[in-house]
Amino acid sequence: MTNTTIKTPPTTGALDNILEQAAAWRAEGRKVGLATVVRTWGSSPRPVGSQLAVDEAGAMAGSVSGGCVEGAVVDEARAAMADGKPRLLEFNVSNEEAWEVGLACGGTIEVFVETLE
Amino acid sequence: MKAASLTALIEARAGKIPAALVTDLDGGMQTLVAPDAPDGDLPIGDALQRFVEIALADDKCMSVDIGDRRYFIQVFNPPRRMVIVGAVHIGQVLAPMAALAGYAVTVIDPRGAFATEARFPGIELNTAWPDDALEGIDIDRRTAVVTLTHDPKLDDPALKTALRKAPFYIGALGSKRTHAKRVERLREAGFGDADIARIHAPVGLDIGAVSPAEIAVSILGEMTELLHRKPPREAA
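Keeping their order, the protein sequence lines are chains S and Z.
Heads up, the first sequence is in our numbering, so the first residue is 1 and it goes up one at a time.
Heads up, the second sequence is in our numbering, so the first residue is 118 and it goes up one at a time.
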């Protein structure tokens with residue numbers, strides 16, 4: 001295996017270039033939203049601090065769940081881009097919304113959504 | 118988040134400088150706590166400052182209540198570090214896997230034929246003798262040291278240096294028999310049971326790994342368990 005062809009990622013914060021992606025979108029003049037998991041109860045797919053960056057067209061970088069609530073978070077992020085107000089969202093199994101976008105694992109997560117000014 | 122804060126945060130991360138972003142979850146006011154960070158609009162009082170210090174030290178994001186306000190402290194610490202001693206076949210797969218898992222990887226091997234850019238594309242290489250190389254690296258509790266050379270001439274100096282520091286993980290490749298001999302040598306060199314017990318050997322989780330990639334998975338698995346697994350709960 002002397003001529004290994006494994007593609008090596010950057011050695012700092014591999015795969016976690018969410019903020020860099022957000023900055024790059026912003027530099028292109030796009031509106032950008034940033035969602036962060038700020039609290040979890042029970043089993044949750046991503047730990048506190050996990051982030052998702054979204055641009056105005058709905059392009060995503062990173063994640064706040066295993067894919068279960070990203071759609072709803074993207075909608076809220078776009079709404080935040082429109083009115084400029086941050087939002088604190090909760091997703092759990094007893095949430096009305098959860099029947100559509102709930103967490104299959106039965107946990108609860110709280111997500112802070114803000115815009116990049 | 119303000120664009121200036123984001124720029125400062127990205128710069129801090131590139132410079133491997135710890136930073137914390139503090140947000141008032143009720144109104145969204147924020148302040149970045151980092152050297153040269155621009156002034157934020159959220160005042161950081163003494164109580165909040167103490168939580169920021171705890172969050173940075175524990176490497177853990179946290180949500181805190183102070184009075185009737187809720188704050189979120191997001192920690193951006195530099196990546197954990199993995200130092201691999203031995204630019205061998207297992208190292209060739211362990212290094213990129215560890216990088217994917219978020220570690221800043223350094224591979225040490227004084228043998229120029231092994232430590233080559235062609236074999237380790239994009240990975241930081243150090244061709245000094247392992248103990249000298251390790252002395253030059255900040256081996257702290259966010260660092261793992263793994264020896265893979267199978268050669269006591271190279272592994273032993275690395276292990277001795279690592280044992281004098283406080284990495285969260287020390288692993289040494291080699292069979293039980295190889296390790297028993299290594300333990301004898303370390304004892305002769307003056308290391309006690311408590312020191313020797315810090316070495317994970319044979320390295321990695323016992324999952325029957327055979328190929329270099331599988332062994333790399335078992336090593337990363339063992340390190341991950343050490344970092345994140347909570348102690349087992351008492352049976353009710």
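In this text, a Cβ means the ideal position worked out from N, Cα and C, and glycines have one as well.
Would you kindly work out how many angstroms separate the C-alpha atoms of glycine 208(Z) and proline 152(Z), rounded to a whole number?
-> 36 Å
Whose C-alpha, out of Ala136(Z), Gly144(Z), Ala131(Z), Ala154(Z), is nearest the C-alpha of arginine 121(Z)?
-> The displayed chain sequence assigns alanine, not arginine, to residue 121(Z). Looking at the Cα atoms, Ala154(Z) is the closest of the given residues.
Which residue comes first and which comes last in the alpha helix (DSSP H) that contains aspartate 272(Z)?
-> Membership of aspartate 272(Z) in the alpha helix (DSSP H) is indicated by the continuous run 269–280.
Selection of the segment 141–167 of chain Z by Cβ proximity to chain S, strictly under 7 Å = Leu142, Gly145
Are the Cβ atoms of phenylalanine 285(Z) and threonine 260(Z) separated by less than 8 Å?
-> yes
Would you report the Cα separation of glycine 66(S) and serine 50(S), rounded to the nearest angstrom?
-> 11 Å
Residues of the segment 18–36 of chain S with a CB closer than 8 Å to any CB of chain Z: list them in chain order, please.
-> Leu19, Glu20, Ala22, Ala23, Arg26, Leu34, Thr36
Contacting residues, own chain, Cβ-Cβ under 7 Å from proline 196(Z) (five flanking each side not counted) | Gly219, Tyr220, Ala221
Report yes if the CB atom of threonine 148(Z) is closer than 8 Å to the CB atom of aspartate 158(Z), and no otherwise.
-> A contact, by the Cβ cut-off of 8 Å.
Backbone secondary structure at serine 63(S) - three-state DSSP = Of the three classes helix, strand and coil, the one that applies to serine 63(S) here is coil, per DSSP.
Which ranges does the beta strand (DSSP E) cover as unbroken runs of at least 3 residues, wholly within the segment 211–275 of chain Z, from first to last along the chain?
-> 221–225, 241–243, 260–264
In three-state terms, what does DSSP make of alanine 283(Z)?
-> If DSSP states are grouped into helix, strand and coil, alanine 283(Z) belongs with coil.
CA-CA distance, lysine 31(S) and arginine 46(S)?
-> 25 Å
Comparing alpha-carbon positions, which option in Asp83(S), Ala53(S), Ala57(S) lies nearest glycine 36(S)?
-> According to the sequence shown, residue 36(S) is threonine rather than glycine. For threonine 36(S), the nearest C-alpha among the options comes from Ala53(S).
Contained beta strand (DSSP E) runs [length at least 3] in the segment 284–326 of chain Z, N- to C-terminal order = Runs found: 286–289.
Beta-carbon of lysine 94(Z) versus every beta-carbon of chain S: anything under 8 Å?
-> Since the first and last residues shown for chain Z are 118 and 353, residue 94(Z) lies out of range.
Same chain only: Cβ atoms within 7 Å of alanine 326(Z), ignoring 5 sequence neighbours per side | Ile332, Val334, Ser335
Taking glutamate 56(S) and serine 63(S) to be in contact with their CB atoms under 8 Å, please state how far apart those CB atoms are, rounded to whole angstroms.
-> The Cβ separation is near 19 Å, so there is no contact.
Alpha helix (DSSP H) segment containing serine 335(Z), residue limits = 329–345
Hey, is serine 180(Z)'s beta-carbon within less than 8 Å of any beta-carbon in chain S?
-> yes
Any idea which residues DSSP pairs isoleucine 109(S) with across the strands?
-> Partner(s): Thr40(S), Phe91(S).
Can the beta-carbon of glutamate 114(S) be found closer than 8 Å to that of leucine 34(S)?
-> Contact annotation: glutamate 114(S) and leucine 34(S) have beta-carbon atoms nearer than 8 Å.
7 Å Cβ shell around glycine 107(S) - same chain, five flanking residues per side excluded | Thr40, Trp41, Gly42, Ser43, Ser44
Collapsed DSSP secondary structure at leucine 165(Z) in the structure displayed | helix
Which bits of chain Z does valine 74(S) rub up against, with CB to CB less than 9 Å?
-> Going along chain Z, no residue has its Cβ under 9 Å from valine 74(S), so there is no contact; the nearest lies around 17 Å.
So, does the CB of leucine 89(S) fall closer than 8 Å to a CB anywhere in chain Z?
-> no
Please check if any C-beta of chain B sits within less than 8 Å of the C-beta of arginine 39(S).
-> Chain labels in this structure do not include chain B; the protein chains are S and Z.
Spatially closest choice to isoleucine 161(Z) from Val181(Z), Pro227(Z), Lys177(Z), Asp176(Z), by CA coordinates | Val181(Z)
Are the segment 292–311 of chain Z and the segment 168–176 of chain Z touching, with three or more C-beta to C-beta distances below 8 Å?
-> no
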